[in-house]
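Residue numbers (our numbering): 958 to 1206. Just so it is clear, CB atoms sit at the ideal spot from N, CA and C, and this is done for glycine as well. A quick note: this is a predicted structure, and the numbers were derived from the prediction, not measured.
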Ligand code: UDP
Ligand code: MG
């Protein structure tokens, strides 16, 4: 694309086995952004799907090659890596993320953009009435409290991926990819003005959540070891104590 044709918005969407949701998602996304009068592109990352997701994405790309761009992973690397693959390719001034499963309504995107235009670096959705099971919400509550402490920015909902970023923040995140894969936490280490606004949240109508208990634990472990020296300090302290006890004996 010529520089003059660069889109204003880049939407990044990770996709892992979402064949039932993709067509409706794309239709609603395109309608919303067109009606709001934005120039936009969407980058879908297929995170090693085993269903018809890639086939459907290819079809969307063929129908609209300038605005629908695709990345395909050879196997499943996880949601945050999939978003990063999109981040590396964005061309817009404003970068948006959302889930592919329609739990984050695309109709909320213009609200995020309007908020960002008030002068914020990052606008994060906050799922005020989250439509997930207690077993899914409880670990998230713990993650939110820990993340707020570790990152030093208090947020009600670190797990919501319905978010908007200024391009500079995304560029900064791209430059330090290896630190951690937890995007909302990483963004907060670069952003000056962050704001949370309430967004709608729907039940997952098709397909199943890809986050089991073990996956959440792993994500949180990444988070704590990537953003804080506290775990290393605790282990060192424990080591010293054991050494002292040994000496005493
Ligand atoms: N996802 C992905 N790779 C994964 C797991 C999830 O790309 O390994 C995508 C998934 O397709 C969806 C988003 O990340 O677009 C959120 O996943 P999910 O809805 O399963 O998570 P939950 O809503 O339960 O937090
Ligand atoms: Mg979901």
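Distance from the Cα of residue 1081 is smallest, within the candidate group 1154, 1203, 1003 and 1033, for 1154.
When DSSP states are grouped into helix, strand and coil, residue 1022 belongs to the coil group. According to the DSSP assignment, residue 1203 belongs to the alpha helix (DSSP H) that extends over 1187-1205. Contact between the region 1078-1095 and the region 1152-1168 is present: three or more C-beta pairs spanning the two stretches fall below 8 Å. Of the heavy atoms belonging to ligand 1, none sits nearer than 7 Å to the Cβ of residue 1157. By the rule of a C-beta closer than 7 Å to any heavy atom of ligand 2, the residues picked out are 1056, 1058, 1060, 1161 and 1166. Relative to ligand 1, even the nearest heavy atom lies 7 Å or more away from the CB of residue 1106.
For residue 1003, the enclosing beta strand (DSSP E) stretches over residues 997-1003. Per DSSP, the beta bridge partners of residue 1153 are 1081.
Collapsing the DSSP output to three states places residue 1071 in a helix.
At least one heavy atom of ligand 1 sits closer than 7 Å to the Cβ of residue 1039. For residue 965, the Cβ stays outside the 7 Å cut-off from all heavy atoms of ligand 1.
Residue 986 and residue 978 have their C-alpha atoms spaced approximately 12 Å apart. By the criterion of at least three beta-carbon pairs nearer than 8 Å, the region 1055-1063 is not in contact with the region 1091-1103. When C-alpha distances from residue 1039 are compared across 1051, 1101, 1174 and 1000, the shortest belongs to 1000. It is roughly 11 Å from the alpha-carbon of residue 995 to the alpha-carbon of residue 988.
Around the beta carbon of residue 1071, a 10 Å sphere encloses fewer than 16 other beta carbons of the protein chains shown; the residue is thus reported as exposed. The distance from the Cβ of residue 1044 to that of residue 1100 is about 22 Å, inconsistent with a contact at the 8 Å cut-off. At least one heavy atom of ligand 1 sits closer than 7 Å to the Cβ of residue 972. Contact check for residue 1046 and residue 1028: beta-carbon distance about 7 Å, within the 8 Å limit, so the pair qualifies. Residue 988: member of the alpha helix (DSSP H) spanning 979-992, first to last residue.
When DSSP states are grouped into helix, strand and coil, residue 1144 belongs to the helix group. Its chain contains 1100, 1103, 1104, 1107, 1137, 1139 and 1142 as the residues whose beta carbon lies nearer than 8 Å to that of residue 1180, once the 5 sequence neighbours on both sides are disregarded; these appear in chain order. The C-beta distance from residue 1004 to residue 1033 rounds to 6 Å, short enough to meet the 8 Å contact threshold.
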